[in-house]
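One structure is given here, and the rest of the page talks about it.
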Amino acid sequence: MNYPHSHARSLREPAAFWAEQAASVAWYRTPTQALVERPDGTHQWFPDGELNSCYLALDHQIEQGRGEQDALIYDSPVTGRKARYSFRQLRDEVARLAGALRDLGVGKGDGVIIYMPMVPEAAMAMLACARIGAVHSVVFGGFAPHELAVRIDDARPKLLLTASCGLEFERVIEYKPLVDKALEQAGHQPEHVLVLQRPQARAAMREGRDLDWQATVADASPADPVPVASGDPLYIMYTSGTTGKPKGIVRENGGHAVALLFAMRHVYGMQPGEIWWGISDVGWVVGHSLIVYGPLMNGCTTVFYEGKPIRTPDAGAYWRVVEEYGVNALFCAPTAMRAIRKEDPQGELLRRYDQRSLKQLFLAGEKLDSSTHQWLEALTGKPVHDHWWQTETGWPVTAPCTGMEDFAARAGSSNRAVPGYDVQVLDDEGKPLGPNQQGAIVIALPLPPGCAQTLWNNHERYLDAYLRTYPGYYHTGDGGYLDDEGFVYIMGRTDDVINVSGHRLSTGEMEDLVARHPAVAECAVIGVHDELKGQVPLGLVVLKDGAGIAADRLQSELVATVREQIGALACFQKVAVVKRLPKTRSGKILRAVLRKIADGEAYSVPPTIDDPAILDEIAEVLRAFKVPAGMSSVAR
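Everything in the sequence shown is counted per full-length UniProt numbering, starting at 1 for the first residue and increasing by one.
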């Protein structure tokens with residue numbers, strides 16, 4: 001395929017273009033119609049098609065002669081365990097687990113929550129749900145009980161699957177007590193909890209509700225794939241919302257399959273039989289698209305890694321995996337490479353391993369800084385590609401389409417729009433902006449296949465969040481600009497969602513927790529630049545008169561609260577006490593200005609500010625606070 005021609009045609013004739021791509025999918029019932037548009041701006045791809053996503057990932061690959069090819073390679077440096085599953089072996093394991101779910105009363109359309117570490121059984125659980133038409137929702141194992149409880153109440157699962165523990169560096173994190181606490185908080189109760197016992201920690205079981213994974217699966221008969229409609233949900237993926245309540249992104253089966261096959265072949269340039277390594281967690285959209293469904297549907301071997309870029313055992317961990325399994329291409333967040341660079345700046349550990357199998361590296365999830373980009377490309381001698389997408393889209397919006405002819409890549413940019421995406425920039429009034437003018441990044445409708453068209457049980461919220469701000473466009477929530485040649489530059493979020501090590505988190509939710517402290521009169525939580533993590537949250541608080549609490553004690557209590565309610569992955573560690581916060585005359589806190597001050601960026605004094613002098617006070621506090629470099633102490 002030729003990139004310029006394909007992109008132009010995908011916008012000019014979207015239905016015809018995607019109908020041709022849909023021919024790559026092994027449908028049970030081939031769709032006769034590609035696109036139906038609805039009055040509210042949403043649309044349905046391949047409405048009369050029928051398929052099964054698990055069948056595409058496993059059974060169909062066996063039928064194509066790949067039964068003995070490795071489907072999944074498990075590598076766990078935190079436990080020392082390694083395992084390989086052929087497509088046939090993985091199909092058999094998944095079919096038995098699907099049979100066990102069926103025996104427990106889970107059927108087509110039922111919900112299942114998966115709260116697991118990066119073990120093969122997590123992928124099996126996802127595929128088993130897909131096999132019988134159940135709707136899975138994977139919750140990242142690092143989330144606190146409160147966050148898990150919120151998702152349980154929203155998804156209302158019939159079954160919850162978990163493990164006795166997860167592992168991080170030399171620390172064992174027991175999952176079952178977290179699950180038990182979440183279920184105590186949740187209004188909805190799943191009928192059963194299926195528990196995978198790991199040798200590092202044995203979970204206590206509640207009689208009548210909790211079931212042993214191995215024993216339950218051993219007694220089950222394998223289940224065959226169940227045909228589902230193209231528009232039936234495959235999974236729910238919760239992402240941070242500006243209200244603090246997570247949004248349940250719904251991924252449909254048909255468009256998802258078409259989009260991922262297109263992405264694996266034409267964006268990432270992967271061929272069946274090649275080795276792909278998506279470095280993430282199944283709790284995130286990358287884990288769904290680029291660890292489980294995408295690679296397997298494309299006939300690739302996927303590497304399933306339970307470890308970190310450093311300290312498992314060192315900063316050569318990634319390069320060891322590339323050599324050991326002959327990885328052809330990998331995906332990770334820039335945070336991971338910054339961590340490796342910090343530990344091994346000269347690449348001494350990399351040079352211990354043979355990287356000849358590696359063709360290219362893809363980075364996304366947060367902004368790729370030019371320093372890391374240049375370092376990684378020089379060190380590996382391989383092309384390093386930045387690209388951009390969202391949980392909502394499920395696959396890349398902008399990227400160098402390395403599997404196409406005449407593609408182009410540009411350092412510093414997230415590159416050009418992928419076929420199917422009409423990326424534009426609008427001003428505050430919704431008027432198009434010209435090249436190099438910064439504004440709101442939007443995508444003209446219709447969105448291509450694979451993109452979410454609704455939120456779980458809350459379609460109005462979907463319309464409000466994504467389609468009503470700029471009628472006729474999908475509002476990404478990111479700001480930036482396009483250059484003269486159509487290369488896209490993402491400059492950051494336009495709402496209160498920050499990106500911490502590739503994890504999207506709501507500062508609004510953190511603010512709500514900080515504001516509950518009895519000593520806090522008012523507060524603001526902003527994202528500030530961090531060399532390693534991209535962004536980290538910083539709390540600015542105004543104390544109540546006579547509060548009489550020491551700054552270090554306040555910080556300790558607020559950090560503990562956020563950790564308890566959101567989780568350690570929020571990286572909320574620093575609180576600055578200030579006399580007052582900058583506001584407009586109408587009382588709105590000027591968070592955008594605060595972010596610029598914290599990051600040392602130039603800013604204009606808003607004409608609506610109540611008292612301009614307060615900005616100098618804030619800047620002085622943040623300088624004493626060593627923001628953005630260091631953030632080592634609390635300052636009054």
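For glycine and all other residues, C-beta sits at the position ideal for the given N, C-alpha and C. A quick note: this is a predicted structure, and the numbers were derived from the prediction, not measured.
Item	Value
Here's a check: name, in chain order, each residue in its chain whose Cβ is nearer than 7 angstroms to the Cβ of V575, leaving out the five neighbours to either side.	G539, V541, L554, Q555, L558 and V634
Contact criterion: CB-CB distance below 8 angstroms. Does Q21 meet it with respect to chain D?	This model lacks chain D altogether; it includes just one protein chain.
Would the beta-carbon of K544 fall within 8 angstroms of that of A560?	no
With a Cβ-Cβ cutoff of 8 angstroms, do I132 and G111 count as a contact?	no
With a 10 Å radius around its C-beta and 16 neighbouring C-beta atoms as the bar for buried, classify residue 646 as buried or exposed.	Absent from the structure is residue 646, since the part of the chain shown begins at 1 and ends at 636.
Could you check how far apart the C-beta atoms of S53 and L234 are, in whole angstroms? I think they sit under 8 angstroms.	6 angstroms
When the Cα atoms are used, what is the spatial distance from F46 to K367?	34 angstroms
Quick check: the Cα distance between A163 and Q214, rounded to an integer number of angstroms?	11 angstroms
Report yes or no: do the stretch 179 to 199 and the stretch 145 to 165 share at least 3 C-beta pairs separated by less than 8 angstroms?	yes
Anyone know if the C-beta pair for A598 and V528 falls short of 8 angstroms?	yes
Excluding the five sequence neighbours on either side, which residues of its own chain have a C-beta within less than 6 angstroms of the C-beta of G287, listed in chain order?	S280 and D281
May I ask you to report which of helix, strand or coil DSSP gives M404?	coil
Give the DSSP-derived three-state secondary structure of R504 in the structure shown.	strand
Rounded to whole angstroms, how far is the Cβ of G479 from the Cβ of A440, which I believe are closer than 8 angstroms?	6 angstroms
According to DSSP, W45 sits in a beta bridge with which residue or residues?	L35
In angstroms, rounded to a whole number, what distance separates the CA positions of A144 and Q565?	6 angstroms
DSSP state of S632, grouped into three classes?	Any reading at S632 must be qualified, since the residue scores a pLDDT of 30, below 50, and its modelled position is unreliable; the value itself is stated next. In this structure, S632 counts as coil in the three-state DSSP scheme.
Just list the residues that DSSP pairs Q360 with in beta bridges.	A329
Considering only the beta carbon of each residue, do F362 and F331 sit closer than 8 angstroms?	yes
Quick one: is T32 buried, meaning 16 or more other Cβ sit within 10 Å of its Cβ, or exposed?	exposed
On a Cα-Cα basis, can you pick out the residue from R416, E147 and L72 that is closest to D406?	R416
Given a threshold of 16 other Cβ atoms within 10 Å of its Cβ, counted over all protein chains shown, does Y28 qualify as buried or as exposed?	exposed
Measure the beta-carbon distance from V139 to L148 and round it to whole angstroms, keeping in mind my assumption that it falls under 8 angstroms.	6 angstroms
Does the distance from the CB of M124 to the CB of L97 come in under 8 angstroms?	yes
What whole-angstrom Cβ distance do H188 and R156 have, given they're in contact under 8 angstroms?	5 angstroms
Do the stretch 322 to 329 and the stretch 86 to 96 make contact, defined as three or more Cβ pairs closer than 8 angstroms?	no
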